[in-house]
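Asker:
Numbering (the working numbering), first residue to last: 147 to 325.
1. Beta-carbon separation of residue 215 and residue 160 under 8 Å?
2. Helix, strand or coil: which one does DSSP assign to residue 212?
3. Quick one: what's got a C-beta closer than 6 Å to residue 291's C-beta in the same chain, skipping five residues either side?
4. Among 308, 289, 285, which has the Cα closest to the Cα of residue 295?
5. Could you say which of 188, 230, 288, 175 lies nearest to residue 203 if we only look at CA atoms?
6. Within 10 angstroms of the Cβ of residue 232, are there 16 or more other Cβ atoms? Answer buried if so, exposed if not.
7. First and last residue of the alpha helix (DSSP H) that includes residue 285?
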């Protein structure tokens, strides 16, 4: 398989390219399984959830907007939300209908949504102030979940240099966000 970005794989999946969908599964299934397992805490449930997540990805790939979201964040959000839905359904069955009333509504109210949107814009603005390779490294580490070692290899720098980049970039981001 030629090395393709997640954006390309999702775009081809939206066009119902089974090969691209298979490649997307190979590249992302481990991470998405981990997301499901962390929430469901049951390997069998997580395997079932992962299968359902990829059905959702297949059916909704055309809804992905390249550039608006990080592709891995979009995929992780689908997996996380689906796993939470499964966990809630399992809990409701175990505890009866009373449990449904006890589940906290995690949807943002209009005020929270406005605050989150404003904060996201501020973070994007501050990321834009970083050197582009540093900004990409920060996003890959803290949004997409890449390890320091993977990032060092990806950027062709020593591991300690990558740690320094990330530490200094976080300091710059904190200072920018406090302005």
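All residues carry an ideal CB built from backbone N, CA and C; glycine is no exception.
Answerer: On the basis of the data shown:
1. no
2. strand
3. none
4. 308
5. 175
6. buried
7. 278-288
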